[in-house]
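Input: a single structure, listed below in structure tokens.
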Amino acid sequence: QAQLVESGGGLVQPGGSLRLSCVASGLTFSNYAMSWYRQAPGKERDLVASITSVGATNYADSVKGRFTISRDNAKNTVDLQMNSLKPEDTAVYHCNAKWWKTYWGQGTRVTVSS
């Protein structure tokens, strides 16, 4: 049974940084494209950043230059470094693995507030 477990969320002031991590198990991690999505209260779940199995990255316009996605195939992890955080980044962040099947993590909450 594949499982994705996120960690690293919390409360941070505007302008601060957080690093989210997602650990995958039960799947051949290196085959999967990995992504981070976020869902703010009352809004749809939106793509934040993705990284392919060979390391190509893609970012939502709203986070370009502030967020960096990376993966470690040896550790089955995908991280999201978030800098210069804004209140509008407040959301539950979900890890996603996609290949011939798609898996989701339960999410980790990020709150950006003074």
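Position 59 of the sequence shown, counting from 1, maps to 223 under the working numbering, and the rest follow consecutively. Idealized CB from N, CA, C, for every residue including glycine.
Item to complete: Figure out for me which residue from ASN247, ALA204, ILE215 and ARG183 has the closest Cα to the Cα of TRP263.
Response: ILE215
Worksheet item: Taking the beta strand (DSSP E) that LEU184 falls in, what are its first and last residues?
Response: Taken as a continuous stretch (DSSP letters only), the beta strand (DSSP E) holding LEU184 covers 182 to 189.
Fill in: Length at least 3, wholly inside the stretch 199 to 235: the beta strand (DSSP E) runs in chain order
209 to 215 and 221 to 223
Worksheet item: Mapping DSSP to helix, strand and coil, what is SER194?
Response: In this structure, DSSP gives SER194 a helical state, which the three-state scheme calls helix.
Worksheet item: Which whole runs of the beta strand (DSSP E) in the stretch 235 to 276 are 3 residues long or more, in chain order?
Response: 241 to 246, 255 to 262, 266 to 268 and 272 to 276
Worksheet item: If we ignore side chains and look at the alpha-carbon of each, how far apart do ASN222 and HIS258 end up?
Response: 16 Å
Item to complete: Following the continuous beta strand (DSSP E) through SER171, name the residue where it begins and the one where it ends.
Response: 167 to 171
Item to complete: Mind checking which residues open and close the beta strand (DSSP E) that includes GLY174?
Response: 174 to 176
Fill in: Status (buried if at least 16 other CB within 10 Å, exposed otherwise) for VAL242
buried
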